[in-house]
Amino acid sequence: MPVVDLQSRLGRADSAIGKRSCIVILATEQAQGPQVIGVLVDAVNAVIELADQDIEAAPSFGTHIRRDLLRGMGKVGERFVVLLEMEQVLQVDEIAGNTDALAA
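Be aware that the sequence shown starts at 1, since it is given in UniProt numbering, and climbs by one per residue.
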């Protein structure tokens, strides 16, 4: 299974592996059919479900992440978190063209 370094995929420096680093396994629907990919992340603090009313449109500024990779902003308690459009983040064709994003 391919593993993608999420930081690298988002145009940042490669992740430094630490005690809290995790590989999150995701199943996405791609043009070629279902795809299972591992995503290297710095840490997982919680897994939550958000209701549609808790998701706002992605901001047009201030995120340093390509707009097409953003799904929106999720309200969790009193704070907001960036929500990624994982089908777009994990576009197999685009990742294949950027082999630096592959951690393994």
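Every residue, glycine too, gets a C-beta built ideally from N, C-alpha and C. Quantities reported herein were computed from a predicted structural model and do not represent experimental measurements.
For a cutoff of 8 Å on Cβ pairs, would you count ALA16 as touching chain C?
Protein chain content of the structure displayed is limited to a single chain, and chain C is not contained in it.
Taking three-plus beta-carbon pairs below 8 Å as touching, is the region 80 to 88 in contact with the region 53 to 69?
Taking 8 Å as the limit for Cβ pairs, the verdict is that the region 53 to 69 does touch the region 80 to 88.
Could you tell me which whole beta strand (DSSP E) segments of length 3 or greater appear in the region 12 to 89?
Whole beta strand (DSSP E) segments, 3+ residues: 22 to 30, 33 to 41, 70 to 76 and 79 to 84.
From PRO34 to SER60, what does the alpha carbon distance come to, in whole angstroms?
Locating residue 34 in the sequence shown gives position 34, where the first residue counts as 1. Locating residue 60 in the sequence shown gives position 60, where the first residue counts as 1. Distance between the alpha carbons of PRO34 and SER60 is about 30 Å.
Compute the beta-carbon to beta-carbon distance between ILE48 and VAL76, rounded to the nearest angstrom, for a pair I have assumed lies under 8 Å.
Here residue 48 refers to the residue found at position 48 of the sequence shown. Here residue 76 refers to the residue found at position 76 of the sequence shown. Right, their Cβ atoms sit about 6 Å apart.
How about LEU90 and ILE37: are their beta carbons less than 8 Å apart?
Walking along the sequence shown from the start, residue 90 turns up at place 90. Walking along the sequence shown from the start, residue 37 turns up at place 37. Contact flag set, yes.
Minimum C-alpha distance to ALA27 - residue among SER21, PRO2, SER15 and ARG20
Looking up residue 27 in the sequence shown gives position 27. If we check each option's Cα against that of ALA27, PRO2 comes out closest.
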